[in-house]
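Below is one structure; the comments refer to it alone.
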């Protein structure tokens, strides 16, 4: 039995151990607290569509923007060994670009939405390239480099729509933000799945994963093996830019308006946290995108659990912090190595005992 | 000249996790003596200095100054005991005046005014014959003068033992002479000077005694006049001249002009001075010289590992540009770096990923090697090179040094290079693996691969190389082949006793 235990903690799940245990604990805790917490019902929403409803659905739905951002953040973290703190501000820019393009035409059709999405991607990728250039070419600490856009991003978003907070109403936008008629799963959840699949395909059809990890673990060695480390880092920021555009568009579609001051406010810290909970080293190197996605869901499940326990919204942050401290400390190298040590000690003791028994 | 003992260090031990950095080292410094501390990198020179200056604490042994036992737990303790250090990089503040630099951080009380500082500084400077004024901004002085100000500061702090750690490395010949004059002057005042340098000529110019360390152990203390330069080199490398029997000579092949694979003229990089070099198809050559002589920097320039500054390069007679590693790789050149941990392994990645890395880079970003293919490659080379690993998915960082090195070798062999540069492939690995690597080098050469082999063990190079390029102080000082390939001749050339030039 112990060997199974060891397998889980050492090999087995590897870096996914902590996030999976975290989510299991949250699920078990909620099941004990209120078995109906995870009940899913089929209802009709305001538009008359058949949809799935329940706490679990809202958790997964609400975490969509965070999950998409966490995927991009994982890549940036792995390549540069630092984090992008401007994703919230950049999402405000992307969202504003998206809305301004939609507003420029008279009617909103599938074509214009697609065009507006590409427009938003262009903006977000350009700003991603800006951050990436500062980090990869000028070797500025990622947090300092992205502090620039973090500071001015929401002002830029404000300029794009001339200071207004325009609304957009169209069945297509509603479909992106909530449900596509006939499909009972929230569209943002589908988008997360699509983005995750795209990442998987990119990793399969290119050497992005190998090169990014090499650069993150040992940039000097990567360079001596012919990898263009500057380009890999820059690329990671541009890919994060794409994720930012997707997250911005989901968020705008959900609300049907762009408010540059409040859209995805403080999301950057949650995104970094999701990466960390996912068992990824914030110092760069080896990474697992799946870990970060689970991390994003852990954060939202925690929040919604606390709300379900009638914790006031002002207190939620404090409780969240306590859980996060636990997760991060348990996942820290110090505790991990202590745990492994303890395990080998136990193992040794047992072998000693058994040899004694044999004598 | 006094001859009594000024500083004595006895049975000094120092352990780092897993390493014994100093084992039972004795060191003695007398009044009015300039004493060179010699040894290759990693011999324990800097550790000994750091123990003496309180940066590290010794794990055994005792230190005494003028017969009084001293417990040095911090740099302040060392200074109070009269031990001062001037480091290679100047640790003063260039934007303050010379006088301020001389008195900064000293317990003089707040009452001494700026004017007095300058006055006192000027007195000391003129006494020591240092061409600087107290009111001058330090940054406006030459590097040599800045160094002397640092020394003056130490002297004024009543130092008895002055440690100069590579003080001449950034000075030109003239400046060095001025510094030496100051050193001799201090010597006549009874100060004991410990001089750490890698310039052998300078040792012979200015030092009275030499202490040699190797692998953390004391080799011996010698009077300078009793230890010829060749012997000093032998002691540093760890071979006695008596031991040097004529070794089995590597076979000399005849090459025609068409056999040249790689040829460089006046190649230079940010770290390497211009040099000429060529290698033939199927030839094994070596770069030798002490650590820091420029041998690694030169081969790095061939591979484009550092910024290439100039020179022309021809591969099989065609002019090519090699500015970065990928250029070299595309022309069939592979490079196994000197520092395996820093430049070679990607520690957290698996053996498999480490093996395919270079080939993957050459194939390109959009043509990933499939999982099954990469597994087959990994298995093939794990078997061929007899790499001991739990599995191909084991992180390379958890392998032993020798097996890590084999993985890096496998990485380059997988690219099927025409020219392989191996910088210290056998350093820090067991004897068995060493022999395997030497055999592999000879087999590669038989198959027509050109190999450049660098090793600190001359014997190993004589066994594998048919031509040796000898470097000293970042210059090529000789090229040896055929009859000249003996350990004695190599050492002579390294030491500069007898420069042998090709043709």
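Chains as they are written, first to last, in my numbering: chain A, 18 to 376; chain B, 55 to 557.
Note that beta-carbon positions come from the ideal geometry of N, C-alpha and C, so glycine has one too.
The alpha-carbon separation between residue 47 of chain A and residue 54 of chain A amounts to approximately 7 Å.
In the DSSP assignment, residue 427 of chain B falls outside any beta strand (DSSP E) and within the unbroken alpha helix (DSSP H) covering 425-438.
Considering only A/303, A/272 and A/270, the residue with the shortest C-alpha distance to residue 228 of chain A is A/303. Annotation for residue 439 of chain B: 460, 463 and 464 place their beta carbon closer than 7 Å to its own, counting only its chain and skipping 5 residues before and after. With respect to the 8 Å criterion, residue 205 of chain A and residue 81 of chain A are classified as neighbours on the basis of their beta carbons. In terms of beta-carbon proximity, residue 414 of chain B lines the interface with chain A, with at least one pair separated by less than 8 Å. Chain order gives no chain B residues near residue 356 of chain A, where near means a beta carbon separation below 7 Å; the closest approach is about 18 Å. In this structure, the straight-line span from the alpha carbon of residue 131 of chain A to that of residue 154 of chain A is close to 33 Å. Taking a Cβ-Cβ cut-off of 7 Å, the neighbours of residue 402 of chain B in chain A comprise 234, 302 and 303, given in sequence order. Here DSSP, grouped into helix, strand and coil, assigns residue 120 of chain B to coil.
As computed with DSSP, residue 332 of chain B is found in a beta bridge with B/317.
In terms of Cβ geometry, residue 391 of chain B and residue 73 of chain A do not form a close pair [threshold 8 Å]. In this structure, the CA atom of residue 138 of chain A is about 38 Å from the CA atom of residue 398 of chain B. One finds 243 in chain A with Cβ atoms closer than 7 Å to the Cβ of residue 380 of chain B, taken in chain order. Going by DSSP, residue 372 of chain B is part of the beta strand (DSSP E) stretching over 372-374.
Looking only at A/243, A/207, A/214 and A/200, the smallest Cα-Cα distance to residue 61 of chain A is reached by A/200. For residue 167 of chain A and residue 268 of chain A, the gap between their C-alpha atoms comes out near 18 Å.
Shown here for residue 199 of chain B: same chain residues with a beta carbon closer than 7 Å to its own, the five before and five after excluded, namely 184, 185 and 186 in chain order. Residue 272 of chain B sits in a strand when the DSSP states are folded into three classes. With a minimum length of 3 residues, the unbroken runs of beta strand (DSSP E) contained wholly in the stretch 82-115 of chain B fall at 88-92. Contact between residue 409 of chain B and residue 435 of chain B is confirmed by a C-beta separation of about 6 Å, below the 8 Å threshold. Rounded to whole angstroms, the gap between the alpha carbons of residue 59 of chain B and residue 249 of chain B is 17 Å.
Residues of chain B with a Cβ closer than 7 Å to the Cβ of residue 224 of chain A are, in chain order, 414, 419 and 422. Within its own chain, the residues whose Cβ lies closer than 8 Å to the Cβ of residue 255 of chain A, once the five positions on either side in sequence are excluded, are 142, 145, 146 and 149, listed in chain order.
Counting only the Cα atoms, residue 243 of chain A lies some 14 Å from residue 471 of chain B. Look at the stretch 126-148 of chain B: it has no residue with a C-beta under 9 Å from a C-beta of chain A. The beta carbon of residue 290 of chain A lies closer than 8 Å to those of 312, 316 and 341 in the same chain, with the five residues before and after it left out. If the five residues before and after residue 300 of chain A are omitted, its C-beta is found closer than 7 Å to the C-beta atoms of 98, all from its own chain and listed in chain order. Chain B has a Cβ within less than 8 Å of the Cβ of residue 237 of chain A.
Segment contact: the stretch 263-279 of chain A against the stretch 184-200 of chain A, three or more CB-CB distances shorter than 8 Å; contact assigned. In the DSSP annotation of this structure, residue 528 of chain B is not part of any beta strand (DSSP E), being labelled neither H nor E.
Between residue 284 of chain A and residue 105 of chain A a beta carbon distance of about 5 Å is seen, short of the 8 Å cut, so the two are scored as contacting. At a cut-off of 8 Å between beta-carbon atoms, residue 307 of chain A makes no contact with chain B. Restricting attention to alpha helix (DSSP H) runs no shorter than 4 residues, the stretch 432-516 of chain B encloses them at 455-467 and 485-500, ordered along the chain.
Look at the beta carbons and you see the stretch 82-102 of chain B not touching the stretch 142-158 of chain B: under three pairs across the two are nearer than 8 Å. Ranking B/238, B/349, B/323 and B/404 by CA distance to the CA of residue 376 of chain B puts B/323 first.
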